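Here the protein sequences line up with chains A and B, keeping their order.
For the first sequence, the residue numbers in the working numbering are 1 to 164.
For the second sequence, the residue numbers in the working numbering are 1001 to 1164.
The block underneath contains the structure these notes are about, expressed in structure tokens.
Protein chains: 2
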Amino acid sequence: MGLEFDPIAEAAINWRAENWPAVDAMTAATSITRAHQILVGRIDAALAPLGLNFSRFEVLALLEFSREGSLPLGKIGARLQVHPASVTNTVDRLERDRLVTRTPHPTDGRTTLALITGEGRQRAAAAASALGEIEFGVAGMGARARRRVDDAIRELRIAAGDFG
Amino acid sequence: MGLEFDPIAEAAINWRAENWPAVDAMTAATSITRAHQILVGRIDAALAPLGLNFSRFEVLALLEFSREGSLPLGKIGARLQVHPASVTNTVDRLERDRLVTRTPHPTDGRTTLALITGEGRQRAAAAASALGEIEFGVAGMGARARRRVDDAIRELRIAAGDFG
DNA sequence: CGGAAATGCTTTGACGTCTAAGTATTTATT
DNA sequence: AATAAATACTTAGACGTCAAAGCATTTCCG
């Protein structure tokens, strides 16, 4: 199944041997890339029986948390940091499965609201439970490691202008 | 540009309010997902002028580090943890740009080798330099944070069976 | 030795994401 | 009030990834 050595540590050694720059940055970037890969695999596997993936679940959760159970598509994209076209696509699929419906904004004709349905709320709760059982894919990371990842990445998110 | 609050911290609050499980796991998973998003954006932007993306660069780097400048496609996939079909696709594009060529394996008729060309080596070096300049997208994370991310994610990678 | 199983790669199809362009509506400007 | 600019979403097209099926070659075993 796996390799006998750490492929990222191996890459760092090769990197140094070629005198290529920013070895520590490379390992951090590669680690995060691989972590994401592992997480997506585990999370999508857990959500597949529910007809969801992580993107669709994130939209449902956001709507579930909203006061009215609805949000403008643009606001969803801003929160989840995804492109408007991706939001359109995701909401299309959620709507096809009757987990949300599109409704017009009461005062702004340009805006479309995504409104979560009753079935959508049930599905969101089931998905949250399923994700809880697999610890959102981070099983194997201790509590301390999780906090450190959060803290370290917060630096990156602020530098990237996510908030603050 | 960004929001005024930390969207992940906000999600944690909402999560708790709904009594949804595994809040700390959720924040870790969401942080990693967002970090990956930031990295890919920065890295692909830095590599685009060179006609590369991160996947293609990773293949070139692997070949550059190899003893003979060539590797079986299957071995590339195992190292980079990507699907065989993705390796085929990536090597197709590298070959179209004359950065690698496919050659038959000397003894095993099933196996195809990807061999890096002279131009491929030059391009890899240029890309490594470009990535060094942007610190592989992790600019904003301090040295300590990078080490902590590496260490924390190593736990995850071992748990996922990557190596060891 | 010879057929079954395993291995290595490619092809096809589905899905997700992004960019760029297009349409509709609202806001700003003069 | 009329036009220009900005905003919100959708559509079309390109690319990347994966799963599943297909094809060729090699290895395993009775």
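C-beta atoms are modelled at their ideal positions from N, C-alpha and C, and glycine is treated no differently.
Since the structure is predicted, the reported quantities are computational estimates derived from the model, not experimental observations.
At the C-beta level, GLY142 (chain A) and ASP1162 (chain B) stay beyond 9 Å of one another.
Non-local C-beta neighbours of THR101 (chain A) in its own chain, meaning closer than 7 Å and more than five positions away in sequence, comprise GLU95, LEU115, THR117, ordered along the chain. Judged by beta-carbon spacing, ALA1128 (chain B) lies within the 9 Å limit of ALA1061 (chain B), meaning their Cβ atoms are closer than that value. In this structure, A:GLY74 is the residue among A:GLU119, A:ARG79, A:GLY74 with its C-alpha nearest to the C-alpha of HIS105 (chain A). Pairing TRP15 (chain A) with PHE1054 (chain B), the inter-Cα distance amounts to about 16 Å. Using a Cβ distance threshold of 9 Å, ARG146 (chain A) and ARG1157 (chain B) do not count as a contacting pair.
Assigned with DSSP and collapsed to three states, SER1070 (chain B) falls in strand. Interface residue (Cβ-Cβ distance to chain B less than 9 Å): ALA22 (chain A) is classified as such. Bounds of the beta strand (DSSP E) holding ALA114 (chain A) are 112-116. Among the CB atoms of chain A, none fall inside 9 Å of the CB of VAL1059 (chain B). Beta-bridge annotation (DSSP): PHE163 (chain A) is paired with B:LEU1003.
Distance from the Cα of ARG1056 (chain B) is smallest, within the candidate group B:GLY1137, B:PHE1065, B:ILE1032, B:ASN1089, for B:ASN1089. A:ALA125 is the residue among A:PRO49, A:ALA125, A:ALA11 whose C-alpha sits nearest the C-alpha of GLU64 (chain A). Inter-segment contact for the stretch 1037-1048 of chain B and the stretch 1005-1021 of chain B is absent: fewer than three beta-carbon pairs are separated by less than 8 Å. Assignment of PRO1106 (chain B) by DSSP, reduced to helix, strand and coil, places it in the coil class. MET1026 (chain B) is positioned such that its CB atom lies closer than 9 Å to that of ALA1012 (chain B).
A check of alpha carbon separations from ILE1038 (chain B) across B:SER1086, B:GLY1140, B:ASP1151, B:GLN1122 identifies B:GLY1140 as the nearest.
SER1031 (chain B) and GLY137 (chain A) have their C-alpha atoms some 12 Å from each other.
By the Cβ-count criterion, ARG1123 (chain B) is buried, with 16 or more other Cβ atoms from all chains shown falling within 10 Å of its own Cβ. Following the DSSP letters along the chain, one finds MET1026 (chain B) inside the alpha helix (DSSP H) bounded by residues 1023-1047.
Within the stretch 29-50 of chain A, ALA29, THR30, SER31, ILE32, THR33, ARG34, ALA35, HIS36, GLN37, ILE38, LEU39, VAL40, GLY41, ARG42, ILE43 place their CB atoms closer than 9 Å to a CB of chain B, listed in sequence order. Residues of chain B with a Cβ closer than 9 Å to the Cβ of LEU3 (chain A) are, in chain order, ALA1078, ARG1079, ASP1162, PHE1163, GLY1164. Per DSSP, reduced to three states, the secondary structure at VAL100 (chain A) is strand.
Membership of VAL59 (chain A) in the alpha helix (DSSP H) is indicated by the continuous run 54-65. Counting of Cβ neighbours within 10 angstroms places GLY1120 (chain B) among the buried residues, the total reaching 16 or more.
About 11 Å separates the beta carbon of PRO1072 (chain B) from that of THR1107 (chain B), a gap too long to meet the 8 Å contact definition. Per DSSP, reduced to three states, the secondary structure at ALA1139 (chain B) is coil, with no helix or strand assignment.
Within the stretch 108-119 of chain A, no residue has a Cβ lying closer than 9 Å to any Cβ of chain B. Excluding five sequence positions before and after THR103 (chain A), the CB atoms of its chain that fall closer than 6 Å to its own CB belong to LEU113, LEU115, given in chain order. Residue contact with chain B for GLY137 (chain A): present (Cβ-Cβ distance below 9 Å to some residue of chain B). Residue contact with chain A for PRO1007 (chain B): present (Cβ-Cβ distance below 9 Å to some residue of chain A). Taking C-beta atoms as the reference points, VAL1149 (chain B) and ALA152 (chain A) count as a pair closer than 9 Å.
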